[in-house]
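Q: Numbering (my numbering), first residue to last: 93 to 484.
Virtual Cβ for every residue (Gly too), placed ideally from N, Cα, C.
Here the structure is a predicted model, which means the values were calculated and not measured.
1. Counting only runs of 3+ residues fully inside the stretch 371-451, write out the beta strand (DSSP E) ranges in chain order.
2. Would you kindly check if the distance between the Cβ of residue 456 and the Cβ of residue 411 is under 9 Å?
3. Taking Cβ to Cβ, would you say residue 426 is nearer than 9 Å to residue 277?
4. Bridge partners for residue 210 per DSSP, in chain order?
5. Can the beta-carbon of residue 383 be found less than 9 Å from the beta-carbon of residue 398?
6. Below 8 Å on the Cβ atoms is my contact criterion, and I expect residue 311 with residue 260 to pass it. Report the Cβ-Cβ distance as a whole number of Å.
7. Which word fits residue 387, buried or exposed, when buried means at least 16 other C-beta atoms lie within 10 angstroms of its C-beta?
8. Going by the CB atoms, is the gap between residue 306 and residue 479 shorter than 9 Å?
9. Between residue 175 and the rest of its own chain, which residues show a CB-CB distance below 6 Å, the 5 nearest in sequence each way excluded?
10. Using DSSP bridges, identify the partner residues of residue 153.
11. Does the Cβ of residue 284 have 16 or more other Cβ atoms within 10 Å, making it buried, or fewer, making it exposed?
12. Ignoring anything shorter than 3 residues or poking outside the stretch 166-201, list the beta strand (DSSP E) runs there in chain order.
13. So what does DSSP say about residue 304, is it helix, strand or coil?
14. Please list, in chain order, all residues of the same chain as residue 269 whose beta carbon is under 8 Å from its beta carbon, the five residues on each side excluded.
15. Would you call the CB atoms of residue 446 and residue 380 closer than 9 Å?
16. Can you look up residue 341 in the DSSP assignment and give me helix, strand or coil?
17. Kindly indicate which residue of 189, 413, 216 and 117 has the alpha-carbon position closest to the one of residue 158.
18. I'd like the span of the alpha helix (DSSP H) that includes residue 273, first residue to last.
19. What separation, rounded to the nearest whole angstrom, lies between the Cα atoms of residue 449 and residue 271?
Right, here's the structure in full:
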C-alpha cells in the first residue's frame, strides 16, 4: 500500500468532522513526501522520502489542500531515521500559501517523530524543509542575467536526466583574476542558490561601486545549480544517478556525475584564483566557511590569505561569523573528493566551502522567517567585498 501512495496523490475524505476531503500532493518541482495517513487534519502521518536513487533522507516538500481553519497536526513519522537527526533540534518547518512568502510554523521533535502544528488560513498550503528554489526561478535568473552586457551564458552540457547545465561568465574573460562560485551540489540545500542570486544581482548592479571595482580585474565563473536533476526530483544530496556530487571531484564520469565532469574540465581550461562552493548545514545555526588548512602543503602564506578573507567577510556582513563551524579534520577521509579541497590542492588557490543554515542564524535570529532565501541573497551580495579585498 505504501508504494502506491508513494507514486500517487492521496485523497481521503474525513466523514467524521471535516466536511471536505483533504489532499496531500508532491507532484511538482522539488516535491517529496510519502503519505501514510491523511483521513483527518488532526492526525496526518507522513514519511520523509529518501533521495530518488540513494538513502539520504531529510528533504520534504508537499502541498496540503482542504484544511482551511483546521488545527492540523502533521507527523513525519520517520524523522528519527533521517540522515541528519541533529538537524531537527530547534528546527521549525517553513510554510507558504503562494510559494513566494515563506514563514516558520511550530515544529517539535521527540527523538523519533517530527510534528508540525499549524492552522492554515487558506485552502492550499505548502510545507517544506527550507524555502525552495525552483527550476523556473533558476531559468529566470539565467534569463535576467543574460540580458546584461556584463554576462555571457554558456552551456556546458547535459545532466543525467538531460537538463541544461549552464555557466555564467560575469565580467571580462581576459581579466587577471578568475573566481569560481558553484552552488547546490547538494540540491536540497536551496539556500545556496538564493545566495548566488544575491551575488549575481549585486554584480549586475551598475550602481554598486564594489561590483564595478571588483570587475575591473576579476571575472566570475558561476554555476548557480550544479544538480538540476536532484533539485527537480526533490533529493537532498544526490543527482539522478544517486551520486553525491561533492564526493566526485577526483574521478567524475559522464555516466554518473556529468555535472562535476563538465565543470571540472572547464575549470582546468580556464584556471582558478579563488573558489567558493556554497552549501547548507542541517545542524549548525550559523553562516561559516570550511577552509583548506587540512591539505598537505598548506602554507603559512595561504593561512594568512584564508584568515584575511574570513575577517573581511565578517566585516562585510554581521550574518557571517567564524566562531562556530567544522573542525579541520572532519573530511580527512574524503578530502580530495570534495570540491573545495580538490580545487585548493590542484590550483593552490584560496578555496572555501561556505555553509548557510537550514534553521536560523542564532546570532541574529528571526522568529518569523528563520534563515531564508532573502537573507541568503543579502549574504551573497556581501561576498563581493571580501573577494575584492582578496586581490588587493
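A: Let's see:
1. 380-382 and 442-449
2. Here the question's residue 411 lines up with position 319 in the chain shown. Here the question's residue 456 lines up with position 364 in the chain shown. Going by C-beta atoms, residue 411 is nearer than 9 Å to residue 456.
3. As a first step, residue 426 is located in the chain shown; it is residue number 334 there, counting from the start. As a first step, residue 277 is located in the chain shown; it is residue number 185 there, counting from the start. Their beta carbons are not under 9 Å apart, which means residue 426 does not touch residue 277 by this criterion.
4. The count along the chain shown starts at 1 and reaches residue 210 at position 118. Answer is 164, bridged to residue 210.
5. Reading the chain shown from its first residue, position 291 is the one you call residue 383. Reading the chain shown from its first residue, position 306 is the one you call residue 398. In contact: residue 383 and residue 398 (Cβ atoms closer than 9 Å).
6. The count along the chain shown starts at 1 and reaches residue 311 at position 219. The count along the chain shown starts at 1 and reaches residue 260 at position 168. About 11 Å; that fails the 8 Å criterion.
7. The residue you call residue 387 lines up with position 295 of the chain shown. Buried, because 16 or more other Cβ atoms sit within 10 Å of the Cβ of residue 387.
8. Counted from its first residue, the chain shown places residue 479 at position 387. Counted from its first residue, the chain shown places residue 306 at position 214. For residue 479 and residue 306, yes; Cβs fall inside 9 Å.
9. Position 83 of the chain shown, counted from the first residue, corresponds to residue 175. Excluding sequence neighbours, residue 175 sits near 148, 149 and 150.
10. By 1-based counting over the chain shown, the position of residue 153 is 61. Beta-bridge pairing links residue 153 to 124 and 220.
11. Mapped onto the chain shown, residue 284 falls at position 192. Its Cβ being crowded by 16 or more others within 10 Å, residue 284 is buried.
12. 186-188 and 199-201
13. Sequence index remark: in the chain shown, residue 304 carries index 212 (1-based). The answer is helix: DSSP assigns residue 304 an H, G or I state.
14. The sequence position of residue 269 within the chain shown is 177, counting from 1. Around residue 269: 309, 310, 311, 365, 366 and 483.
15. Translated into positions along the chain shown, residue 446 becomes position 354. Translated into positions along the chain shown, residue 380 becomes position 288. Closer than 9 Å, so yes.
16. Within the chain shown, the letter at position 249 stands for residue 341. Coil at residue 341, not helix or strand.
17. Taking the chain shown and counting its residues from 1, the one referred to as residue 158 is at position 66. Cα-wise, what sits closest to residue 158 is 216.
18. Residue numbering aside, residue 273 sits at position 181 when the chain shown is read from its first letter. Taken as a continuous stretch (DSSP letters only), residue 273 belongs to no alpha helix (DSSP H), being part of the beta strand (DSSP E) at 269-275.
19. On the chain shown, position 357 is the one that residue 449 refers to. On the chain shown, position 179 is the one that residue 271 refers to. Approximately 24 Å, taken between the alpha carbons.
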